[in-house]
Each structure stands twice: as C-alpha cells, then as structure tokens.
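For the sequence shown, the positions run 1 to 305 when UniProt numbering is used.
Note that beta-carbon positions come from the ideal geometry of N, C-alpha and C, so glycine has one too.
All values reported here derive from a predicted model rather than from experimental measurement.
Here's the structure we're looking at; comments come further down.
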Amino acid sequence: MSLDKKEEMLQQELAAQIEQYTGTDGIWATSIPSLHFIKASQETDPIHSLYEPALCIVAQGTKLVLLGKESYVYDPSCYLVASVQLPVSGQVIQATPENPYLCMQLDFQGSQIIELIQEVDISRSVPSSKRALYVSKTNTSLLEAAVRLVKLLDTPQDIPVIAPLIIREILYRVLLGEQGHSIKQFAVTGSHADCIAQAIEMIKRDFAKPLRVETLAAAVNMSTSSLHYHFKEVTAMSPLQYQKKLRLQEARRILFSGGTEAANAGFLVGYESPSQFSREYSRMFGLPPISDIKQFRDTLRVGSN
C-alpha cells in the first residue's frame, strides 16, 4: 500500500471515529480530558477566540486561521500547532452536511514538552524565536497514533493507563517534525521564547490594566527593544496589540452573555473612552458594539424558529 493511500485510509478512519462521538455542530468534550472534537456541517463566519497550546488534526474539511495579518490554512494534508495562548480568528472554509468539517484537538502543557526533551534524545540547544503558530505536513506515524488515541474512547477502562502513553507519542512525533523547534523553544528555560511566554501570562492576568511595555520587559529580564522584537516573532503582533485583542474578545463575550451595556463592557476591560472602545471594536469585529449585539440576537432568534 502506498504511503498516500495509507494516510488517506487513516484520515477516513479518524473522520468516522470523530463522527461517532459528535452530534450537532460545535466543540465536543471526550472521556480523555485533553481531547476535544470539532464539527461544522457548513462554512462559518470568522470566530474570534484565544487558542491555548494545542495540536489540531483535521480529518475532513478545511479551516482558515488568522493570526495578526497572517493566514494559515489547514486540511487533512497537514496539522496545526499553537504553542502559547494566541488571540486568533478561525473560519471553516470547506464543509457540507454530507462531508462536515471534522477535527481533533489535543491540548497540551509545557511541562509535557519539557519532560520529553529531558528524557528523549532531542537537541536541547536554544533556538531562535519562531512563530508560536504553524502548519506542518502530516505523516503516517502521527495519524496512526491519533487514530489509536481516538479508538481508546471505545474502551474507556483503558484510558487512564494507555492515553498518557499515546499522547506522549503524539507530542514526540510533533517535536520531531520539521517545525518541532517552534514548540521546543518554549521549553528551554531562559530562551527568548520562554521570556515571551512569561510576558503573555502577565498580559493575560492583568489585561484590563494599563500596559507599560518597559515594566513588562523588566519583569521578564529583557530590554524593551528585545521584548518588542521577540514578542512579534512569536505572536505576529506587539504586546499592546496582543492586549487589545484580549480586551476586545472579552468585551464581546461579556456583551453576548447579556451581562452589561456596551459602554460598561468597554470600561470593564480597560477602556476609559467609549468612543475609542467603539472604534476599535468596529475595526476588529466589523460592526460597532450595539449593532453587533443586535445582529447576534437576531441570529439566535432565527436559529430558534
């Protein structure tokens, strides 16, 4: 059997398994805590979210992800990895009811990568800063491990013992991939990427407070210019742009939950000027806050009819 044919069969098997454990469109949790399935039976509008460190393998369909001004397209021929928390926009661009978009998402922790690097013969040199989001060509070994992990859902009694071993193998395969250094960089203590990961955590923790880049740089033992350079290398945006995206995504979440009015939502996420909040919200989401909420509620009403 040719390599391409074997990969195709594995992708079909993975798609069948995902369909078995999903119902309507959406994100589905599984009995393996770090494993989720995503299903979409039609193309979607862009959805803004915060990617956590994760591996995404598409079994069917195609998705487009925007990070800053960069675009990443992935389908069954490749997989996507996010190494740190990244504010992105994702959009399913190929899916039908007959052939829905089907994806498995495996979340991981930095500690798992560190353990692999320490225990396995993987180069420990400090890499230069690389983008924390990348798409890489899939391979038979990775797909075989992914299928074995998903099949464990059929025998839940095996999950506690066997799932950690297969997850370890999957992460090992990704680390050995052509762009594995993009993950490894965050596991090397003192590397520029490690410092940026610390900066990201600090911004996330206090995103509603004013951000002084000089203070942030000092907190992670970097110069201001070095922080700017390496932060952009890793995230495709500046620290202030990163903070702005976090603020606006959280404001939208608050508004859609019906928790407050538009002006107050802006204040809650750190905006002092309602006009500036409305302007930046419109730039990111395409509509001012009040119009965006109305469109969201209208869509909900149509969907419930």
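Cross-strand partners of residue i (DSSP beta bridge)
| i | result |
| --- | --- |
| Q91 | L64 |
| S71 | L66 |
| Y135 | Residue identity check: residue 135 is Val in the sequence provided, not Tyr. In the DSSP output, where bridge partners are listed per residue, V135 has L80. |
| D45 | DSSP output for D45 lists no bridge partner at all. |
| Y172 | Answer is none; Y172 lacks a bridge partner. |
| K39 | G26, L102 |
| C56 | L80, Q105 |
| L86 | Y51 |
Proximity to residue i [Cα-Cα], best of the options
| i | options | result |
| --- | --- | --- |
| K209 | G266, E280, S182, D292 | G266 |
| L50 | D25, G258, F231, I200 | I200 |
| S77 | Y21, E98, S136, I38 | S136 |
| D206 | Y242, K232, K184 | Y242 |
| K5 | T140, D194, D154 | T140 |
| A16 | K63, A193, K39, F108 | K39 |
| H192 | E169, S225, I32 | S225 |
| R212 | R252, R173, P239, S278 | P239 |
| Y281 | E233, E52, L255 | L255 |
6 Å CB neighbourhood of residue i in its chain, flanking five on each side removed
| i | result |
| --- | --- |
| H48 | S89, Q249 |
| T22 | W28, F37, K39 |
Nonlocal neighbours in the same chain, by C-beta distance under 7 Å from residue i, ignoring five residues either side
| i | result |
| --- | --- |
| Q198 | V220 |
| E261 | none |
| A163 | I32, L149, L152 |
Pair within 7 Å by beta-carbon distance, residue i and residue j
| i | j | result |
| --- | --- | --- |
| P100 | S182 | no |
| T44 | Q94 | no |
| A218 | L227 | no |
| V161 | E13 | no |
| L106 | L55 | yes |
| I196 | F231 | yes |
Any non-hydrogen atom of the ligand ADP closer than 6 Å to residue i Cβ
| i | result |
| --- | --- |
| E98 | With respect to the ligand ADP, the structure offers nothing, as it holds no ligand at all. |
Same chain only: Cβ atoms within 8 Å of residue i, ignoring 5 sequence neighbours per side
| i | result |
| --- | --- |
| A236 | L67, G68, K69, E70, R131, L133 |
| D154 | none |
Could you give the uninterrupted runs of the alpha helix (DSSP H) lying entirely in the region 206-268, keeping only those of 4 residues or more?
Residue ranges of uninterrupted alpha helix (DSSP H) with 4 or more members, entirely inside the region 206-268 and ordered along the chain, are 213-219, 224-235, 239-256, 262-268.
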